[in-house]
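To start, the structure itself, in structure tokens.
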Amino acid sequence: MNIIVCLKQVPNTADVRIDPETNTLIREGIPNIVNPFDLYAIEEGVRLREEFGGRVTAISMGPPQAAEALREAMGMGVDEGILLSDRAFAGSDSWATSYTLALAIRKLGACDVVLCGKQAIDGDTGQVGPGIARQLGLTPLTYVFRIHSLDPEAGKIVVERLLEEGRELAEGNLPALLTVVKDINQPRAATLYDLRRSFRVGIRTWKASDLPGADPANLGLSGSPTQVVRIFSPPGRKGSPEIFSGERVEAAASLLADRLLAEHVL
Ligand SMILES: Cc1cc2nc3c(=O)[nH]c(=O)nc-3n(C[C@H](O)[C@H](O)[C@H](O)COP(=O)(O)OP(=O)(O)OC[C@H]3O[C@@H](n4cnc5c(N)ncnc54)[C@H](O)[C@@H]3O)c2cc1C
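Position in the sequence shown counted from 1, then plus 100, gives you this note's numbering.
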């Protein structure tokens, strides 16, 4: 099986800060990590290869330091890492990111499964996976919690999807693109052997000119239909907390219940 994993290097912080002048993320001084959801995609890709044989290739689009993320993926057992890095890609929105990743996947030839995380913890849109599926005509299967069955001969896959209202069993044709949630597996730690292999094998870097059919008008900031007008953190909620106390917890609970009834909350 030919398995592709898309992974993104993200700042290691939930406290995303925005430059009010440029409306872009402030990345300086913040260490980078592999997007946490992508670790589950990597693990699932390596498990599929262990079960069905074949090859797992990880692709990341980003600045040169995103090669570290690909090395980490190789440390977990991915066969090869490809970095898409070019000034022409800078400023890509989720559409241009999907377009560029799709071109790279197409260049790699026929694939059976493409794995993505359900979302990146910085951009948070969850659009890139379905965007790639649309560009390449792959079956999109999002929020995958478990691969129920996969039959490469019959070209069929059945997955369990984790939805807000419950779980859903979905069947689709291969090739398919899966976005995975963190409950799907337990990612393995990188091994020293595989990390050393990643340095020996190296990471291939592709520029825009390496992607057949790349239309410069669809790349980077100029190829991005999204216009960010303003990014801001919403002001913190102001509340006036009230503590209900009594000698016994039952008395405090009774006071609370009375207040909730009076406020028509109950
Ligand atoms: C106008 C504009 C300009 C922007 N400029 C920049 C910029 O200069 N630099 C910048 O870093 N961001 C920039 N962004 C943010 C950028 O669009 C998103 O980070 C990117 O498109 C991915 O979207 P996301 O983070 O919401 O990923 P999601 O859709 O939430 O990610 C889902 C999954 O897709 C895969 N994936 C996502 N991104 C990548 C990637 N780059 N490589 C491989 N796999 C990936 C991963 O598997 C990930 O788990 C810009 C956005 C806009 C709108």
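Glycine included, each C-beta is placed from N, C-alpha and C at the ideal position.
Give the DSSP-derived three-state secondary structure of residue i in the structure shown.
i      : result
ASP179 : coil
ASP310 : helix
ASP119 : strand
VAL301 : helix
LEU319 : coil
SER160 : strand
ARG330 : coil
ILE126 : coil
PHE189 : helix
ARG296 : helix
LEU262 : strand
LEU170 : helix
Opposite residue i in the DSSP bridges: which residues?
i      : result
ASP251 : LYS256
ARG288 : Paired residue(s): none; ARG288 is not in a bridge.
THR239 : ALA276
ARG337 : Note: ARG337 sits in no beta bridge, so no partner.
LEU184 : MET161 and TRP306
Taking residue i as part of the beta strand (DSSP E), name the residues at either end of that continuous run.
i      : result
VAL105 : 102-106
LEU277 : 276-280
ALA270 : 266-273
VAL110 : 109-111
Over the uninterrupted alpha helix (DSSP H) stretch that includes residue i, give me the two end residues.
i      : result
ILE142 : 136-152
LEU356 : 349-362
Taking 8 Å as the CB-CB cut-off, is residue i touching chain C?
i      : result
VAL146 : Included in the structure is just one protein chain, with no chain C present.
| query | Counting pairs of Cβ atoms below 8 Å between the stretch 219-229 and the stretch 125-138, do you hit three or more? | reply | A contact exists between the stretch 219-229 and the stretch 125-138.
| query | Which runs of the beta strand (DSSP E) fall wholly inside the stretch 202-237 and span at least 3 residues, in chain order? | reply | Annotation note: the stretch 202-237 contains the following uninterrupted beta strand (DSSP E) runs of length 3 or greater, listed N- to C-terminal: 213-217.
| Contact between the stretch 237-244 and the stretch 252-264: three or more CB pairs below 8 Å? | In this structure the stretch 237-244 lies against the stretch 252-264, because at least three pairs of beta carbons, one per stretch, are closer than 8 Å.
| said: Closer than 8 Å is the cut-off here; do at least three beta carbon pairs connect the stretch 165-175 with the stretch 308-325? | reply: In the pairwise beta carbon analysis, the stretch 165-175 is classified as not touching the stretch 308-325: fewer than three pairs are separated by under 8 Å.
| Do the stretch 190-199 and the stretch 296-306 touch if we need at least three Cβ pairs shorter than 8 Å? | Short answer: they don't touch.
| Is it a yes or a no for the stretch 179-193 touching the stretch 144-160, going by three-plus beta-carbon pairs under 8 Å? | Yes, since at least three Cβ pairs between the stretch 179-193 and the stretch 144-160 fall closer than 8 Å, the two stretches touch.
| Just checking, does the stretch 342-351 make contact with the stretch 219-238 on the three C-beta pairs under 8 Å criterion? | With a cut-off of 8 Å, the stretch 219-238 and the stretch 342-351 do not count as touching, because too few Cβ pairs lie within range.
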